[in-house]
Amino acid sequence: MSVTSDGKEQVLNQPYASAKVERAGNVETSTTSRPDVQQVFGPALAAMPVRPASFTVYFDEGSDELTPQSRGVVARIFAEIARRQAPEVVVIGHTDAVGTMAYNDELSIKRAERMRDELVKLGAAKDRIRMAGRGKREPLIRTPDGAPQPRNRRVEVTVR
Amino acid sequence: MMMRGLLSAVLMVAVFATAAAAVDEVGQIKVSKGNVHIEREGKSLPAPVGAKVRLRDVVVTGADGSAGVTFLDNSLMSVGPGSALAIDRFAFDSTTNQGAFESSLKRGTLSVVSGKIAKQAPDAMKVRTPAAILGVRGTEFVVRTGEKD
Numbered sequence: 103m104s105v106t107s108d109g110k111e112q113v114l115n116q117p118y119a120s121a122k123v124e125r126a127g128n129v130e131t132s133t134t135s136r137p138d139v140q141q142v143f144g145p146a147l148a149a150m151p152v153r154p155a156s157f158t159v160y161f162d163e164g165s166d167e168l169t170p171q172s173r174g175v176v177a178r179i180f181a182e183i184a185r186r187q188a189p190e191v192v193v194i195g196h197t198d199a200v201g202t203m204a205y206n207d208e209l210s211i212k213r214a215e216r217m218r219d220e221l222v223k224l225g226a227a228k229d230r231i232r233m234a235g236r237g238k239r240e241p242l243i244r245t246p247d248g249a250p251q252p253r254n255r256r257v258e259v260t261v262r
Numbered sequence: 002m003m004m005r006g007l008l009s010a011v012l013m014v015a016v017f018a019t020a021a022a023a024v025d026e027v028g029q030i031k032v033s034k035g036n037v038h039i040e041r042e043g044k045s046l047p048a049p050v051g052a053k054v055r056l057r058d059v060v061v062t063g064a065d066g067s068a069g070v071t072f073l074d075n076s077l078m079s080v081g082p083g084s085a086l087a088i089d090r091f092a093f094d095s096t097t098n099q100g101a102f103e104s105s106l107k108r109g110t111l112s113v114v115s116g117k118i119a120k121q122a123p124d125a126m127k128v129r130t131p132a133a134i135l136g137v138r139g140t141e142f143v144v145r146t147g148e149k150d
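Line by line, the protein sequences give chains R and B. Counting from 103, one number per residue, gives the positions in the first sequence under the numbering used here. Counting from 2, one number per residue, gives the positions in the second sequence under the numbering used here.
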């Protein structure tokens with residue numbers, strides 16, 4: 103990161119690098135340590151929210167059925183939601199390149215809805231889940247248009 | 002024809018109102034300990050877990066307070082006792098991951114884990130203090146604003 107004061111810039115790019123600005127334009131760099139940071143920032147660090155977690159769930163071709171291997175992931179996603187305070191869930195559906203744009207837009211939304219319904223069935227609050235479908239616009243693996251690709255038939259879930 | 006013109010004008014207003022409300026929410030309080038509130042448009046509001054943080058809010062903690070916020074781009078920020086953190090600017094396109102995130106630590110201690118905005122473009126995320134501007138390039142850091150020691 104960079105620290106700029108009154109037009110003077112210093113770059114901090116090492117672990118525990120630190121900068122002190124006591125008056126404008128005077129950026130003093132040094133190195134601090136984990137115990138020193140803990141002493142001053144302990145309460146702030148203790149209040150850090152749980153880090154967001156991401157999951158990918160795969161679907162059968164042309165369908166909103168989860169692949170057998172992906173079914174177990176649903177319970178893991180729910181466990182991640184359940185352990186959080188005020189959880190927010192973002193569910194984004196995708197498809198492979200087989201079929202028209204309109205067909206895939208609809209299919210990607212159906213997959214996202216299916217994912218949401220599975221999580222709600224386990225006990226997740228529906229109003230904490232936001233959904234979107236991106237159709238075939240954002241493949242994980244680039245393919246020619248019309249090509250099937252199992253890894254692009256997916257839903258990405260972020261829990262935060 | 003006149004009726005139709007009127008109707009579409011009314012619908013437009015409704016659409017804009019919804020979009021503005023959605024854009025205004027930039028994050029949520031996930032941790033709230035001791036005295037924590039949000040200053041918004043001259044009012045002081047309670048900030049329990051789940052409270053929404055909006056653009057131009059100031060998250061304020063008392064002498065015994067600390068708070069953690071998760072933002073729409075997955076950035077995380079937490080403040081310790083006696084802090085005031087203002088959200089000055091937040092724009093995030095969840096499709097391209099591009100945006101801008103600027104905040105100011107008026108006083109106290111701040112801990113940051115940057116998210117998608119900082120990852121997408123260097124210096125798209127900035128934290129200001131009274132003495133300096135911090136440009137974030139995808140990292141974790143802490144900031145203190147206070148008297149000389």
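Idealized CB from N, CA, C, for every residue including glycine.
Short CB-CB distance (under 9 Å) between residue 266 (chain R) and chain B: Given that chain R is displayed from residue 103 to residue 262, the structure contains no residue 266 (chain R) and the question cannot be resolved.
Neighbour flag for residue 125 (chain R) against chain B, beta carbons, 9 Å: Taking the first sequence and counting its residues from 1, one reaches residue 125 (chain R) at position 23. By this cut-off, residue 125 (chain R) is an interface position.
C-alpha gap between residue 162 (chain R) and residue 254 (chain R), whole angstroms: Working through the first sequence from its first residue, we reach residue 162 (chain R) at position 60. Working through the first sequence from its first residue, we reach residue 254 (chain R) at position 152. If I take the Cα positions, the gap works out to 11 Å.
Stretch pair the segment 188-195 of chain R + the segment 220-235 of chain R: three plus CB contacts closer than 8 Å: yes
Runs of beta strand (DSSP E) wholly within the segment 184-239 of chain R (minimum 3 residues, chain order): 191-195, 231-235
Among R:131, R:175, R:123, R:258, nearest to residue 96 (chain B) - alpha-carbon criterion: Here residue 96 (chain B) is taken as the residue at index 95 of the second sequence, counted from 1. Selected option, being the one with the closest Cα: R:258.
Cβ-based burial, residue 262 (chain R) [other Cβ within 10 Å; buried from 16]: As a working mapping, residue 262 (chain R) is identified with position 160 in the first sequence. With 16 or more other Cβ atoms within 10 Å, it is buried.
Between the CA atoms of residue 197 (chain R) and residue 140 (chain B) - distance to the nearest angstrom: Within the second sequence, the letter at position 139 stands for residue 140 (chain B). Within the first sequence, the letter at position 95 stands for residue 197 (chain R). About 32 Å.
Interface partners of residue 101 (chain B) on chain R, CB under 7 Å: Translated into the one-based positions of the second sequence, residue 101 (chain B) becomes position 100. Under the 7 Å cutoff, chain R gives no residues; its nearest Cβ is about 16 Å from residue 101 (chain B).
Chain B contacts from the segment 138-149 of chain R (Cβ-Cβ distance under 9 Å): 139, 142, 143, 144, 145, 146, 147, 148, 149
Beta carbon proximity, residue 186 (chain R) to chain B, threshold 9 Å: Within the first sequence, the letter at position 84 stands for residue 186 (chain R). At least one chain B Cβ lies under 9 Å of residue 186 (chain R).
Contact under 9 Å by Cβ, residue 79 (chain B) with residue 117 (chain B): Locating residue 79 (chain B) in the second sequence gives position 78, where the first residue counts as 1. Locating residue 117 (chain B) in the second sequence gives position 116, where the first residue counts as 1. Not in contact: residue 79 (chain B) and residue 117 (chain B) (Cβ atoms no closer than 9 Å).
C-beta contact flag for residue 82 (chain B) and residue 28 (chain B) at 9 Å: Here residue 82 (chain B) refers to the residue found at position 81 when the second sequence is read from its first residue. Here residue 28 (chain B) refers to the residue found at position 27 when the second sequence is read from its first residue. Not closer than 9 Å, so no.
Residue 261 (chain R) in three-state terms, based on DSSP: Walking along the first sequence from the start, residue 261 (chain R) turns up at place 159. Strand, per DSSP.
Contacts of residue 241 (chain R) in chain B (Cβ-Cβ under 9 Å): In the first sequence, residue 241 (chain R) corresponds to position 139, counting from 1. Simply none; closest approach about 14 Å.
Residue range of the unbroken alpha helix (DSSP H) whose run includes residue 116 (chain R): As a working mapping, residue 116 (chain R) is identified with position 14 in the first sequence. Here residue 116 (chain R) belongs to no alpha helix (DSSP H), and DSSP marks it neither H nor E.
Per DSSP, cross-strand counterpart(s) of residue 40 (chain B): Here residue 40 (chain B) refers to the residue found at position 39 when the second sequence is read from its first residue. DSSP output for residue 40 (chain B) lists B:45, B:59 as bridge partner(s).
Residue span of the alpha helix (DSSP H) that contains residue 89 (chain B), given as start and end: For this step, residue 89 (chain B) is matched to residue 88 along the second sequence. Unbroken run through residue 89 (chain B) is the beta strand (DSSP E), 85-93; no alpha helix (DSSP H).
Same chain, Cβ closer than 8 Å to residue 214 (chain R), five either side skipped, listed in chain order: Translated into positions along the first sequence, residue 214 (chain R) becomes position 112. The residues are 193, 194, 195, 233, 234, 235, 257.
Closest by C-alpha distance to residue 113 (chain B), when choosing among B:121, B:122, B:103: Residue 113 (chain B) sits at position 112 when you count from the first residue of the second sequence. For the residues B:121, B:122, B:103, the minimum Cα distance to residue 113 (chain B) belongs to B:103.
Under 7 Å (Cβ pairs) to chain B, residues found in the segment 169-199 of chain R: 187, 188, 190
Cut-off 8 Å between Cβ atoms - residues of its own chain near residue 108 (chain B), not counting five sequence neighbours on either side: The count along the second sequence starts at 1 and reaches residue 108 (chain B) at position 107. Closer than 8 Å at the Cβ level, and outside the excluded window around residue 108 (chain B), lie 83, 84, 85, 146, 147.
Reduced DSSP secondary structure (H/G/I, E/B, other) of residue 130 (chain R): As a position in the first sequence, residue 130 (chain R) is number 28, starting the count at 1. Three-state result, residue 130 (chain R): strand.
Residue 78 (chain B) - partner residues in DSSP beta bridges: Residue numbering aside, residue 78 (chain B) sits at position 77 when the second sequence is read from its first letter. According to DSSP, which records beta bridges pairwise, residue 78 (chain B) is partnered with B:70, B:113.
Pick from B:106, B:94, B:99 that is closest to residue 88 (chain B), judged by C-alpha positions: Numbered from its first residue, the second sequence carries residue 88 (chain B) at position 87. Nearest option by C-alpha distance: B:106.
Interface residues of chain B facing residue 203 (chain R) [CB-CB closer than 7 Å]: Your numbering for residue 203 (chain R) matches position 101 in the first sequence. The contacting residues do not exist; residue 203 (chain R) stays about 16 Å from chain B at best.
Range of the contiguous beta strand (DSSP E) that encloses residue 161 (chain R): For the purposes of this step, residue 161 (chain R) is taken as residue 59 along the first sequence, with counting starting at 1. No beta strand (DSSP E) contains residue 161 (chain R), which DSSP labels as neither H nor E.
Start-to-end residues for the alpha helix (DSSP H) that takes in residue 144 (chain R): To locate residue 144 (chain R), count along the first sequence from 1; it is residue 42. Residue 144 (chain R) -> alpha helix (DSSP H) spans 136-148.
C-alpha distance - residue 187 (chain R) paired with residue 156 (chain R), whole-angstrom precision: Sequence index remark: in the first sequence, residue 187 (chain R) carries index 85 (1-based). Sequence index remark: in the first sequence, residue 156 (chain R) carries index 54 (1-based). C-alpha separation (whole angstroms): 17 Å.
Close-in-space but distant-in-sequence residues of the same chain around residue 136 (chain R) (CB under 8 Å, 5 per side omitted): Start at 1 with the first residue of the first sequence, and residue 136 (chain R) comes out as number 34. Closer than 8 Å at the Cβ level, and outside the excluded window around residue 136 (chain R), lie 118.
Chain-ordered neighbours of residue 107 (chain R) on chain B, where CB pairs are closer than 8 Å: Here residue 107 (chain R) corresponds to residue number 5 of the first sequence, with the count starting at 1. Result: 132, 133, 134.
Residue closest to residue 31 (chain B), alpha-carbon to alpha-carbon, out of R:185, R:132, R:218: Locating residue 31 (chain B) in the second sequence gives position 30, counting from the first residue. Cα-wise, what sits closest to residue 31 (chain B) is R:185.
Below-9 Å beta-carbon distance, residue 214 (chain R) vs any chain B residue: Taking the first residue of the first sequence as position 1, residue 214 (chain R) is located at position 112. Judged by the 9 Å Cβ criterion, residue 214 (chain R) is not in contact with chain B.
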